[in-house]
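4 protein chains.
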Amino acid sequence: MAFRETSVDLQLRWSDFDMLGHLNQAVYHQLLEEARAALTVGAGPDFPWVLARVELDYLAEVRPEHGPLTVHTQVVEIGRSKFSLAHEITRATGEVAARGTSVIVAWDIDARRSRPLTPEERRAFGADDAEGASRG
Amino acid sequence: MAFRETSVDLQLRWSDFDMLGHLNQAVYHQLLEEARAALTVGAGPDFPWVLARVELDYLAEVRPEHGPLTVHTQVVEIGRSKFSLAHEITRATGEVAARGTSVIVAWDIDARRSRPLTPEERRAFGADDAEGASRG
Amino acid sequence: MAFRETSVDLQLRWSDFDMLGHLNQAVYHQLLEEARAALTVGAGPDFPWVLARVELDYLAEVRPEHGPLTVHTQVVEIGRSKFSLAHEITRATGEVAARGTSVIVAWDIDARRSRPLTPEERRAFGADDAEGASRG
Amino acid sequence: MAFRETSVDLQLRWSDFDMLGHLNQAVYHQLLEEARAALTVGAGPDFPWVLARVELDYLAEVRPEHGPLTVHTQVVEIGRSKFSLAHEITRATGEVAARGTSVIVAWDIDARRSRPLTPEERRAFGADDAEGASRG
Numbered sequence: 006m007a008f009r010e011t012s013v014d015l016q017l018r019w020s021d022f023d024m025l026g027h028l029n030q031a032v033y034h035q036l037l038e039e040a041r042a043a044l045t046v047g048a049g050p051d052f053p054w055v056l057a058r059v060e061l062d063y064l065a066e067v068r069p070e071h072g073p074l075t076v077h078t079q080v081v082e083i084g085r086s087k088f089s090l091a092h093e094i095t096r097a098t099g100e101v102a103a104r105g106t107s108v109i110v111a112w113d114i115d116a117r118r119s120r121p122l123t124p125e126e127r128r129a130f131g132a133d134d135a136e137g138a139s140r141g
Numbered sequence: 006m007a008f009r010e011t012s013v014d015l016q017l018r019w020s021d022f023d024m025l026g027h028l029n030q031a032v033y034h035q036l037l038e039e040a041r042a043a044l045t046v047g048a049g050p051d052f053p054w055v056l057a058r059v060e061l062d063y064l065a066e067v068r069p070e071h072g073p074l075t076v077h078t079q080v081v082e083i084g085r086s087k088f089s090l091a092h093e094i095t096r097a098t099g100e101v102a103a104r105g106t107s108v109i110v111a112w113d114i115d116a117r118r119s120r121p122l123t124p125e126e127r128r129a130f131g132a133d134d135a136e137g138a139s140r141g
Numbered sequence: 006m007a008f009r010e011t012s013v014d015l016q017l018r019w020s021d022f023d024m025l026g027h028l029n030q031a032v033y034h035q036l037l038e039e040a041r042a043a044l045t046v047g048a049g050p051d052f053p054w055v056l057a058r059v060e061l062d063y064l065a066e067v068r069p070e071h072g073p074l075t076v077h078t079q080v081v082e083i084g085r086s087k088f089s090l091a092h093e094i095t096r097a098t099g100e101v102a103a104r105g106t107s108v109i110v111a112w113d114i115d116a117r118r119s120r121p122l123t124p125e126e127r128r129a130f131g132a133d134d135a136e137g138a139s140r141g
Numbered sequence: 006m007a008f009r010e011t012s013v014d015l016q017l018r019w020s021d022f023d024m025l026g027h028l029n030q031a032v033y034h035q036l037l038e039e040a041r042a043a044l045t046v047g048a049g050p051d052f053p054w055v056l057a058r059v060e061l062d063y064l065a066e067v068r069p070e071h072g073p074l075t076v077h078t079q080v081v082e083i084g085r086s087k088f089s090l091a092h093e094i095t096r097a098t099g100e101v102a103a104r105g106t107s108v109i110v111a112w113d114i115d116a117r118r119s120r121p122l123t124p125e126e127r128r129a130f131g132a133d134d135a136e137g138a139s140r141g
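Protein chains in written order, with this note's numbering: chain A, 6 to 141; chain B, 6 to 141; chain C, 6 to 141; chain D, 6 to 141.
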């Protein structure tokens with residue numbers, strides 16, 4: 006069974022570009038967040054995720070004419086209370102601008118701490134386990 | 006000879022906090038950028054740096070009452086055209102909120118590509134080399 | 006001859022929403038900027054405009070489910086070196102979320118000061134004048 | 006009795022500056038928000054305010070060397086469920102960069118609509134009325 010993947014096309018804004026004339030490095034992380042939201046939507050209750058770790062390699066600069074960007078994201082690992090994603094950000098014309106990974110933790114917003122993934126969430130992300138169900 | 010290090014205190018803004026009530030994950034990268042700017046200032050001409058890679062572990066959430074934040078940054082490796090930094094972001098009360106590393110590339114803004122670090126830059130960051138000077 | 010108008014559909018991002026659960030007030034101004042860019046594109050050289058004044062009435066809050074937003078913009082007055090726009094921001098379902106006006110000044114980026122609108126710009130925005138041409 | 010006023014010094018970030026090399030127009034609205042937060046703090050419960058209207062005149066551009074900026078804010082009118090503020094943003098060296106006004110509405114976060122100012126809030130902002138107390 007394949008792990009979930011998504012692809013989102015994201016508009017850029019004038020204010021996303023900095024004095025060097027290219028997409029500011031922090032904006033990439035806003036875009037990854039949109040990709041994570043697209044990937045987790047429908048997997049469980051709203052907003053139960055927080056980011057635990059991110060790695061990003063900036064491979065080619067993005068100028069205004071390179072947008073909109075596409076973020077392709079794939080679940081690559083599913084743990085007990087967290088899962089990992091691989092991201093690739095491409096220009097409108099297809100060149101890869103950045104590649105990275107995120108580690109996401111299921112979050113209990115009231116307790117403000119991590120919680121186990123539910124069996125439904127595990128299945129939504131592509132985990133193929135009876136085990137996940139029994140652990141819920 | 007010690008590698009350069011800096012510590013900057015950074016104000017947070019209301020708009021930095023998201024619907025989960027904590028500092029949005031992308032804002033941390035704006036703060037790291039301020040730390041990198043503080044570290045590179047005076048090391049050479051203005052704005053000759055771009056970010057090639059970032060890794061960040063989010064260790065504890067930051068709520069409005071945790072600001073201002075401090076970003077402590079240290080040069081940990083100096084290469085031919087790039088150097089690496091270790092960052093630690095702490096709350097006003099000292100708890101570590103995030104830890105990460107950046108890889109910075111010296112940038113030729115006209116050619117829009119990397120360039121070798123100058124001997125002056127290498128010395129400013131703490132490289133202890135005759136080699137650096139001869140390579141300039 | 007009608008003054009130029011445009012309508013742009015703009016995606017929202019998770020990081021655009023603040024702790025009150027609605028679109029942060031400053032983000033509206035990023036969206037107006039996108040609308041102004043759409044309106045001025047093709048009217049003359051790139052980026053020759055700066056914002057001199059903005060007024061905005063926030064009429065209804067915008068929550069994540071209200072996006073994407075549409076910004077409808079119309080030139081309402083054309084002066085010697087500036088022009089005025091009326092904006093209306095609507096939710097995806099059509100309710101008006103905000104209304105405002107912008108005053109834009111033609112900018113000489115080298116001299117860092119205002120410059121007269123060119124006859125081509127005046128025509129592009131919808132001015133119907135022989136006068137504009139002679140004044141260029 | 007004088008209406009409340011405040012003055013806040015605000016750091017700028019590299020990412021606040023856009024491709025024209027000056028402070029992006031939307032960032033000014035983040036700064037005004039900080040000023041409003043400083044003015045309302047202690048006047049009542051947390052976050053009970055929303056912005057209803059803003060007007061801003063951009064008078065001089067702000068480049069990186071002009072920060073930190075100061076926002077001076079004064080209550081200029083107090084109504085039943087709203088109040089008005091006058092803002093002045095100055096460069097570190099004192100020149101006025103922008104002037105504007107905000108209209109703020111007291112907000113009932115559960116009902117998601119406006120509410121009357123409490124007598125305590127009216128007094129905190131400088132209203133000199135027995136009337137305010139009886140109207141609460």
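For every residue, glycine included, the Cβ atom is placed at its ideal position computed from N, Cα and C. Everything numeric in this text was worked out from a predicted model, so none of it was measured.
Report task. Specify whether the segment 60-77 of chain D and the segment 113-131 of chain D touch according to this definition: at least 3 beta carbon pairs, one from each stretch, less than 8 Å apart. Result -> Flag = no, the segment 60-77 of chain D and the segment 113-131 of chain D do not touch.
**Report entry** Chain-ordered neighbours of residue 130 of chain A on chain D, where CB pairs are closer than 9 Å
**Finding:** Translated into positions along the first sequence, residue 130 of chain A becomes position 125. Under a criterion of Cβ atoms nearer than 9 Å, no residue of chain D is adjacent to residue 130 of chain A; the nearest Cβ is some 32 Å distant.
Query raised in the report: When DSSP builds the beta bridges, which residues end up paired with residue 20 of chain D?
Result: Numbered from its first residue, the fourth sequence carries residue 20 of chain D at position 15. DSSP lists no partner for residue 20 of chain D.
Requested in this report: My understanding is that residue 9 of chain B touches residue 129 of chain B, with C-beta atoms under 8 Å, so please give their C-beta distance in whole angstroms.
Outcome: Taking the first residue of the second sequence as position 1, residue 9 of chain B is located at position 4. Taking the first residue of the second sequence as position 1, residue 129 of chain B is located at position 124. At roughly 7 Å, the Cβ-Cβ gap stays under 8 Å, so residue 9 of chain B and residue 129 of chain B are in contact.
Requested in this report: Just the C-alpha distance for residue 74 of chain D and residue 23 of chain A, rounded to the nearest angstrom, thanks.
Outcome: Numbered from its first residue, the fourth sequence carries residue 74 of chain D at position 69. Numbered from its first residue, the first sequence carries residue 23 of chain A at position 18. Taking the straight line from one Cα to the other gives about 19 Å.
Report task. Could you tell me whether the segment 23-41 of chain C touches the segment 26-35 of chain D, where touching means 3 or more Cβ pairs closer than 8 Å? Result -> Proximity of the segment 23-41 of chain C to the segment 26-35 of chain D meets the contact definition, three or more beta-carbon pairs being nearer than 8 Å.
Requested in this report: Below 8 Å on the Cβ atoms is my guess for residue 89 of chain B versus residue 81 of chain B; work out the distance and round it to an integer in Å.
Outcome: Along the second sequence, read from residue 1 onward, the residue named residue 89 of chain B stands at position 84. Along the second sequence, read from residue 1 onward, the residue named residue 81 of chain B stands at position 76. 5 Å between Cβ atoms; contact.
Query raised in the report: Applying a beta-carbon distance threshold of less than 7 Å, which residues of chain A neighbour residue 34 of chain B?
Result: Numbered from its first residue, the second sequence carries residue 34 of chain B at position 29. Residues of chain A passing the Cβ test: 30, 31, 34.
Report task. Compile a chain-ordered list of the residues in the segment 74-103 of chain C whose CB is closer than 8 Å to at least one CB of chain D. Result -> Hits within the stretch: zero.
Report task. Measuring only between beta-carbons, confirm whether residue 115 of chain B sits less than 8 Å from chain C. Result -> As a working mapping, residue 115 of chain B is identified with position 110 in the second sequence. Interface with chain C (8 Å Cβ-Cβ cutoff): residue 115 of chain B is excluded.
Requested in this report: Kindly indicate the opening and closing residues of the beta strand (DSSP E) around residue 104 of chain D.
Outcome: As a working mapping, residue 104 of chain D is identified with position 99 in the fourth sequence. Counting along the chain, the beta strand (DSSP E) containing residue 104 of chain D begins and ends at 101-113.
Query raised in the report: Which of the three DSSP states, helix, strand or coil, is assigned to residue 42 of chain C?
Result: In the third sequence, the residue the question calls residue 42 of chain C occupies position 37. Helix, per DSSP.
Requested in this report: State yes or no: is the C-beta of residue 73 of chain C nearer than 7 Å to some heavy atom of the ligand GTP?
Outcome: Ligands in the displayed structure: none, and consequently the ligand GTP is not present.
Query - chain D contact residues for residue 20 of chain A, given Cβ-Cβ distances below 7 Å - result: By one-based count along the first sequence, residue 20 of chain A stands at place 15. Under the 7 Å cutoff, chain D gives 23, 29, 31.
Query raised in the report: Taking 8 Å as the CB-CB cut-off, is residue 122 of chain B touching chain D?
Result: Residue 122 of chain B sits at position 117 when you count from the first residue of the second sequence. Chain D has no Cβ within less than 8 Å of the Cβ of residue 122 of chain B.
Requested in this report: Kindly indicate the opening and closing residues of the alpha helix (DSSP H) around residue 129 of chain C.
Outcome: Locating residue 129 of chain C in the third sequence gives position 124, counting from the first residue. 124-130 is the span of the alpha helix (DSSP H), which, as asked, contains residue 129 of chain C.
Requested in this report: Out of D:46, D:55, D:21, state which residue places its alpha-carbon closest to the alpha-carbon of residue 65 of chain C.
Outcome: Along the third sequence, one-based indexing puts residue 65 of chain C at 60. For the residues D:46, D:55, D:21, the minimum Cα distance to residue 65 of chain C belongs to D:55.
Query raised in the report: Can you tell which of D:41, D:53, D:91 has its C-alpha closest to the C-alpha of residue 112 of chain D?
Result: To locate residue 112 of chain D, count along the fourth sequence from 1; it is residue 107. Checked all of D:41, D:53, D:91; the closest Cα to residue 112 of chain D is D:53.
Query raised in the report: Using the C-alpha atoms, what's the distance from residue 127 of chain D back to residue 16 of chain A?
Result: Numbered from 1 along the first sequence, position 11 holds the residue referred to as residue 16 of chain A. Numbered from 1 along the fourth sequence, position 122 holds the residue referred to as residue 127 of chain D. Cα-Cα distance, rounded: 43 Å.
Requested in this report: Can you tell me which of B:125, B:59, B:133 puts its alpha carbon nearest to the alpha carbon of residue 107 of chain A?
Outcome: For the purposes of this step, residue 107 of chain A is taken as residue 102 along the first sequence, with counting starting at 1. Of the listed residues, the one whose Cα sits closest to residue 107 of chain A is B:59.
Query raised in the report: Counting along the chain, where does the beta strand (DSSP E) carrying residue 59 of chain A start and finish?
Result: As a first step, residue 59 of chain A is located in the first sequence; it is residue number 54 there, counting from the start. DSSP places residue 59 of chain A inside the beta strand (DSSP E), whose first and last residues are 54-63.
Query - Supposed contact pair residue 105 of chain A and residue 92 of chain A - C-beta distance, whole angstroms, cut 8 Å - result: Taking the first sequence and counting its residues from 1, the one referred to as residue 92 of chain A is at position 87. Taking the first sequence and counting its residues from 1, the one referred to as residue 105 of chain A is at position 100. Sure, about 5 Å apart at Cβ, within 8 Å.
Query raised in the report: Where do the ends of the beta strand (DSSP E) carrying residue 74 of chain A lie?
Result: Here residue 74 of chain A refers to the residue found at position 69 of the first sequence. Unbroken beta strand (DSSP E) run through residue 74 of chain A: 74-83.
Report task. Could you pull the start and end residues of the beta strand (DSSP E) that residue 67 of chain B belongs to? Result -> In the second sequence, the residue the question calls residue 67 of chain B occupies position 62. First-last for residue 67 of chain B: undefined, no H or E at that position.
Report task. Within 10 angstroms of the Cβ of residue 76 of chain A, are there 16 or more other Cβ atoms? Answer buried if so, exposed if not. Result -> In the first sequence, residue 76 of chain A corresponds to position 71, counting from 1. It counts as buried.
Query raised in the report: If you check the beta carbons only, do residue 11 of chain A and residue 44 of chain A fall under 8 Å apart?
Result: Here the question's residue 11 of chain A lines up with position 6 in the first sequence. Here the question's residue 44 of chain A lines up with position 39 in the first sequence. Their beta carbons are under 8 Å apart, which means residue 11 of chain A touches residue 44 of chain A by this criterion.
Report task. Could you check what DSSP says for residue 71 of chain C in three-state terms: helix, strand or coil? Result -> Along the third sequence, read from residue 1 onward, the residue named residue 71 of chain C stands at position 66. Of the three classes helix, strand and coil, the one that applies to residue 71 of chain C here is helix, per DSSP.
Query raised in the report: Anyone know if the C-beta pair for residue 38 of chain D and residue 30 of chain C falls short of 8 Å?
Result: Position 33 of the fourth sequence holds residue 38 of chain D. Position 25 of the third sequence holds residue 30 of chain C. Yes, they are a contact pair.
Query raised in the report: Does any CB atom of chain C fall closer than 8 Å to the CB of residue 15 of chain A?
Result: In the first sequence, residue 15 of chain A corresponds to position 10, counting from 1. At least one chain C Cβ lies under 8 Å of residue 15 of chain A.
Query raised in the report: What do you reckon, are the CB atoms on residue 62 of chain B and residue 57 of chain A nearer than 8 Å?
Result: As a position in the second sequence, residue 62 of chain B is number 57, starting the count at 1. As a position in the first sequence, residue 57 of chain A is number 52, starting the count at 1. Taking 8 Å as the Cβ cut-off, residue 62 of chain B and residue 57 of chain A qualify as a contacting pair.
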